[in-house]
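Novice:
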DNA sequence: GTCTATAGCAGGATAGAC
DNA sequence: GTCTATCCTGCTATAGAC
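Chains as they are written, first to last, in our numbering: chain Z, 191 to 407; chain H, 191 to 407.
1. Just the Cα atoms here: how many angstroms apart are residue 262 (chain H) and residue 327 (chain H)?
2. Taking the Cβ atom as the reference point for each residue, do residue 395 (chain H) and residue 398 (chain Z) lie within a distance shorter than 8 Å?
3. In whole angstroms, what is the alpha-carbon distance linking residue 225 (chain Z) and residue 234 (chain Z)?
4. What number of angstroms, rounded off, separates the C-alpha of residue 294 (chain H) from the C-alpha of residue 375 (chain H)?
5. Give me the residue from H:335, H:348 and H:341 with the minimum Cα distance to residue 284 (chain H).
6. So which of Z:249, Z:370, Z:274 and Z:329 has the shortest CA-CA distance to residue 316 (chain H)?
7. Can you pull out the residues from the stretch 192–225 of chain Z whose beta carbon lies closer than 8 Å to at least one beta carbon of chain H?
8. Is it the case that the Cβ atoms of residue 348 (chain Z) and residue 269 (chain Z) are separated by a distance below 8 Å?
9. Starting from residue 350 (chain H), follow the alpha helix (DSSP H) in both directions and report where the run begins and ends.
10. Relative to the alpha-carbon of residue 277 (chain H), which residue among H:198, H:352, H:367 and H:360 has its alpha-carbon at the smallest distance?
11. Is residue 395 (chain H) close to chain Z, meaning its C-beta is less than 8 Å from at least one C-beta of that chain?
12. Which residue's Cα is closest to the Cα of residue 199 (chain H): H:219, H:359, H:239 and H:210?
13. Within a Cβ cutoff of 7 Å, which residues of the same chain sit near residue 209 (chain H), ignoring the five residues on either side of it in sequence?
14. Can residue 266 (chain H) and residue 310 (chain Z) be called in contact, C-beta distance under 8 Å?
15. Let me make sure I understand the geometry here. Which of Z:387, Z:202, Z:402 and Z:403 has the alpha-carbon closest to that of residue 282 (chain Z)?
16. Looking at the unbroken alpha helix (DSSP H) that takes in residue 288 (chain H), where does it start and where does it end?
17. Thinking residue 289 (chain H) and residue 362 (chain H) are a contact (beta carbons under 8 Å), I'd like their distance in whole angstroms, please.
18. Closer than 7 Å, Cβ to any Cβ of chain Z: which residues of the stretch 328–356 of chain H, in chain order?
19. Considering only the alpha carbon of each residue, which of Z:272, Z:275, Z:287 and Z:279 lies closest to residue 258 (chain Z)?
20. In angstroms with no decimal places, state the Cα-to-Cα distance between residue 205 (chain H) and residue 197 (chain H).
Right under this line is the structure:
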């Protein structure tokens, strides 16, 4: 089960816990299932993490946050050497980082599922997700976009636009089964690049509308 | 607990099951909790529904589907008497039906949460959700939009646009806690009408981009 | 149809050997 | 650190009285 048996038990447990919590949700996974998948002993979870709930929190602190950092890094790299990226460039970099970034397909799906679970049912990890990741990411995007927008663009509308963009990108990731059925497509490289292109275009047009609106006033 | 004690036991159980499954997820809710909330006996679930899983499916069949029909009806009504609705009119009606339609705030949230749970983890209800609701809704929107679009608009791009619109609308409903924190706003009437307006505008611009694209070719 | 009682099992957590 | 054995709680499901 564990890809790297020489990895420390604690790490193997975190890996498998992340995977299982993402796919099934907190309550649907048992400690027994996790330790079995991690090829470790049943008592190991309590030894290393105290209890199940704390293991869940550690998954966010020591796995989820790191993945997020990777995604944001890849986002930043795509824009590196471009001091004044245009709106389409920013959005393309964002969409690529999310939908085709440094994570594997499975990791990406897990990552989105965990985030989405916390957003749907606020738990102890929601504060972590929002304050440490969503809000900074939000601000970063707004900072990048602002030079491309009129000075007096409505701040609240801009925030709603950014939320919409993140929302639909997240949706394309976590709702993969449903999207696949409706579109009649597999999530292969071809479809992913179409998705990225679509998010870029659709969101660019949405933001351009914001610009035009502002001009009229 | 139960608002209507004179309602039949079976109905009270369905009501409470819907609420609890939506908020907590299938595995996190026990039959005990449901029957307690429905002020009925522990054995009632098995008597009326056979087992827990079947109760879950009945929630979709006898509650979720009906709510969907209500939402679509309210969508249709908003467009009634308008034989050729424009894109903004269609989108406004759609956003209003979803974000401020015939359901109560709590019902709306429950509805979105149940759908989103099924999309995230495909279960026996996913087929029901997709084939009976998502796909027809999808086709209806496309049919309404098409007269406003150039004849040779890319079919796949259009489908992706509709998915994006549904995705972000759904996101604003189920991710309410997170959206509230990021925006620093309560989901009151004022914020909801802003959301509706935003979805309409943002999506209209996104679709208009599709039109412009087509012209260039 | 409604209730009590209980079978039968799976879960989280811990104690204590090694 | 790792393992076995075990406690206890809470769950689903059912049998059977009323």
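Every residue gets a Cβ at the ideal spot worked out from N, C-alpha and C, and that includes glycine.
Specialist: On the basis of the supplied data:
1. 8 Å
2. yes
3. 7 Å
4. 19 Å
5. H:335
6. Z:370
7. 213, 214, 215, 216, 217 and 218
8. no
9. 345–364
10. H:352
11. yes
12. H:239
13. 300
14. no
15. Z:387
16. 277–290
17. 7 Å
18. 328, 347, 349, 350, 351, 353 and 354
19. Z:287
20. 10 Å
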